[in-house]
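*Asks:* First the structure, then my questions, so here it is.
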Amino acid sequence: MTDRTTTIDDLPIRDELRGKSPYGAPQLDVPVRLNTNENPYPLPEPLVARIAERVAEAARELNRYPDRDAVELRTALAAYLTRTTDFPVRLENVWAANGSNEVIQQLLQTFGGPGRSAMGYAPTYQMHDLISRGTGTRWLPGPRRDDFTIDLDEARRSIETERPDVLFLCSPNNPTGTALDPETVLALHDAAQAVKPTMVIVDEAYGEFSHHRSLVPLIEGRPHLVVTRTMSKAFGAAGLRLGYLAADPAVVDAVQLVRLPYHLSSVNQATALAALEFTDTLLGYVEQLKGERDRVVAELRSLGLAVTESDANFVQFGVFADAQAAWQALLDRGVLVRNLGVAGRLRVSTGTPEENDAFLDALRSVLKEPEGAVS
Numbered sequence: 005m006t007d008r009t010t011t012i013d014d015l016p017i018r019d020e021l022r023g024k025s026p027y028g029a030p031q032l033d034v035p036v037r038l039n040t041n042e043n044p045y046p047l048p049e050p051l052v053a054r055i056a057e058r059v060a061e062a063a064r065e066l067n068r069y070p071d072r073d074a075v076e077l078r079t080a081l082a083a084y085l086t087r088t089t090d091f092p093v094r095l096e097n098v099w100a101a102n103g104s105n106e107v108i109q110q111l112l113q114t115f116g117g118p119g120r121s122a123m124g125y126a127p128t129y130q131m132h133d134l135i136s137r138g139t140g141t142r143w144l145p146g147p148r149r150d151d152f153t154i155d156l157d158e159a160r161r162s163i164e165t166e167r168p169d170v171l172f173l174c175s176p177n178n179p180t181g182t183a184l185d186p187e188t189v190l191a192l193h194d195a196a197q198a199v200k201p202t203m204v205i206v207d208e209a210y211g212e213f214s215h216h217r218s219l220v221p222l223i224e225g226r227p228h229l230v231v232t233r234t235m236s237k238a239f240g241a242a243g244l245r246l247g248y249l250a251a252d253p254a255v256v257d258a259v260q261l262v263r264l265p266y267h268l269s270s271v272n273q274a275t276a277l278a279a280l281e282f283t284d285t286l287l288g289y290v291e292q293l294k295g296e297r298d299r300v301v302a303e304l305r306s307l308g309l310a311v312t313e314s315d316a317n318f319v320q321f322g323v324f325a326d327a328q329a330a331w332q333a334l335l336d337r338g339v340l341v342r343n344l345g346v347a348g349r350l351r352v353s354t355g356t357p358e359e360n361d362a363f364l365d366a367l368r369s370v371l372k373e374p375e376g377a378v379s
């Protein structure tokens, strides 16, 4: 029988992991789940059928290891980026892994690690901090303005003071939804390089939802600049776990020094290739979600709430006197959103029109109660 008197604190874990909690959003069975920025539309049946065909083909050779370098998949991803960013991307510029989180982990294993540091501008995607700690990289939170944009002068000063080895720029930023313009990214990239050779990682997981053009073209002539992306959001394939990066070929060569052998299964590669065949259909859903996001923003503002400008498939809103109480009140009404600890604010994913209506109706009800007090 397993002895459950032992706790994690009794184990010889690394000091930087002590007292920390695993990353993850609540997984609750409620009518409306709008807390994890998933694409709410199921994959179309023709794509489901094509996935089955592709996987069946792959299954016939599951006794063999998959293509270690995922050449067919990377070629297809390069073609997708070339088409959607108007910038020529080649196989040699692309690397893929199990979700953009594994891509980020491989980058930090390669360019971070013990004795090195990574900086990001908080609040931002929590996994940047978590994966940094997991790879022994010291995490340095940089400043944002009250409106959650980056103050360029303050950011430059933080780079000069802290001298990070890796700089994370999230655009659109999670959880705020704010995007970065190319001029800001280039200014921070140049400021970092002026201090020392620094890898600048632009996390563009929600790039397809942005009003702005992709930042992928900025990699041209900049071997220290990397753009990471995912198929979880725009492609409605969160369950697939497929992320990728675009960068100078030297970066692709470098991350292969730390990748696990045959890290992308044949089934994952086959499924991703099938999804890429349906790019037009899936990006059509993205356009619908962008329209719904903008509708939700307008409705939230009409209710007197403060809404952070969003270029993503989610919206940050508030300001509540007690955000956790407001979160619980929405949950009591069957709507699950996210409380990420940003003072007075909650984040809601963009759902179907019906889900968004349910959220707005629940929120109107909450705002009439004491727990919905807006400060």
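Per the working numbering, residue 5 is the first one in the sequence shown, and the count goes up by one each step.
In this text, a Cβ means the ideal position worked out from N, Cα and C, and glycines have one as well.
Asp207 and Thr232 - do their beta-carbons sit closer together than 8 Å?
*Replies:* Their beta carbons are under 8 Å apart, which means Thr232 touches Asp207 by this criterion.
*Asks:* Rounding to the nearest angstrom, what Cα-Cα distance links Thr234 and Thr139 in this structure?
*Replies:* The straight-line gap from Cα to Cα measures roughly 21 Å.
*Asks:* Please report the straight-line C-alpha distance between Met123 and Leu192, rounded to a whole angstrom.
*Replies:* Distance between the alpha carbons of Met123 and Leu192 is about 12 Å.
*Asks:* Do you know offhand how far Asn102's Cα is from Tyr248's?
*Replies:* In a straight line, the C-alpha of Asn102 is about 8 Å away from that of Tyr248.
*Asks:* Given 8 Å as the limit, is there contact between the stretch 25 to 43 and the stretch 312 to 331, that is, 3 or more CB pairs closer than that?
*Replies:* With a cut-off of 8 Å, the stretch 312 to 331 and the stretch 25 to 43 count as touching, because enough Cβ pairs lie within range.
*Asks:* So, at 6 Å on beta carbons, what are the nonlocal neighbours of Ala254 in its own chain, with the 5 sequence-adjacent residues on each side left out?
*Replies:* Counting only Cβ-Cβ distances below 6 Å, and skipping sequence neighbours, we find Pro227.
*Asks:* For Gly28, tell me which candidate among Asn105, Gln113, Tyr210 has the shortest Cα-Cα distance.
*Replies:* Ranking Asn105, Gln113, Tyr210 by Cα distance to Gly28 puts Asn105 first.
*Asks:* Looking at the unbroken alpha helix (DSSP H) that takes in Val271, where does it start and where does it end?
*Replies:* Here the alpha helix (DSSP H) through Val271 covers 270 to 281.
*Asks:* Taking buried to mean at least 16 other C-beta atoms within 10 Å of its own C-beta, is Thr128 buried or exposed?
*Replies:* The residue is buried, with at least 16 neighbouring Cβ atoms inside 10 Å.
*Asks:* Is Leu15 helix, strand or coil by DSSP?
*Replies:* It is coil, neither helix nor strand.
*Asks:* Which residues mark the beginning and the end of the alpha helix (DSSP H) in which Asp257 is found?
*Replies:* 253 to 259 is the span of the alpha helix (DSSP H), which, as asked, contains Asp257.
*Asks:* Judging by CA-CA distance, which residue of Gly376, Pro48, Val52 is the nearest neighbour of Gly288?
*Replies:* Checked all of Gly376, Pro48, Val52; the closest Cα to Gly288 is Pro48.
*Asks:* Determine the contact status of Ala82 and Val75, defining contact as a CB-CB distance below 8 Å.
*Replies:* Contact: no.
*Asks:* I need the DSSP call for Phe152, collapsed to helix, strand or coil.
*Replies:* Three-state result, Phe152: coil.
*Asks:* Quick check on the DSSP output: the beta strand (DSSP E) that includes Arg100 runs from which residue to which?
*Replies:* Sequence inspection shows Ala at residue 100; the Arg mentioned does not correspond to that position. Counting along the chain, the beta strand (DSSP E) containing Ala100 begins and ends at 98 to 101.
*Asks:* Whose C-beta lies closer than 7 Å to the C-beta of Glu20 among residues of the same chain, with five residues either side of it excluded?
*Replies:* So the qualifying residues of the chain are Arg137.
*Asks:* Does DSSP put Val341 in a helix, in a strand, or in coil?
*Replies:* Coil, per DSSP.
*Asks:* In this structure, does DSSP put Pro145 in helix, strand or coil?
*Replies:* It is a strand residue.
*Asks:* Have a look at the DSSP bridge pairing and note the partners of Asp207.
*Replies:* Bridge partners of Asp207: Cys174, Thr232.
*Asks:* When the Cα atoms are used, what is the spatial distance from Asp150 to Ser306?
*Replies:* So the alpha carbons of these two residues sit roughly 22 Å apart.
*Asks:* On the DSSP letters alone, give me the boundaries of the alpha helix (DSSP H) that Gly213 sits inside.
*Replies:* Residue identity check: residue 213 is Phe in the sequence provided, not Gly. Careful: Phe213 lies outside any alpha helix (DSSP H) and carries neither H nor E.
*Asks:* Where Val370 and His132 are concerned, what is the direct C-alpha to C-alpha distance, given to the nearest angstrom?
*Replies:* Straight-line Cα distance between these residues: approximately 33 Å.
*Asks:* Taking contact to mean 3 or more Cβ pairs, one atom from each stretch, closer than 8 Å, check whether the stretch 347 to 363 and the stretch 283 to 298 are in contact.
*Replies:* Touching, yes.
*Asks:* If you count every other CB in all the chains shown that lies within 10 Å of the CB of Phe363, and 16 or more means buried, which is it?
*Replies:* Counting Cβ neighbours within 10 Å, Phe363 comes out buried, since at least 16 surround it.
*Asks:* Report all residues from its chain with a CB closer than 6 Å to the CB of Tyr69; omit the five preceding and five following residues, and keep chain order.
*Replies:* Taken in chain order, the residues that qualify are Tyr266.
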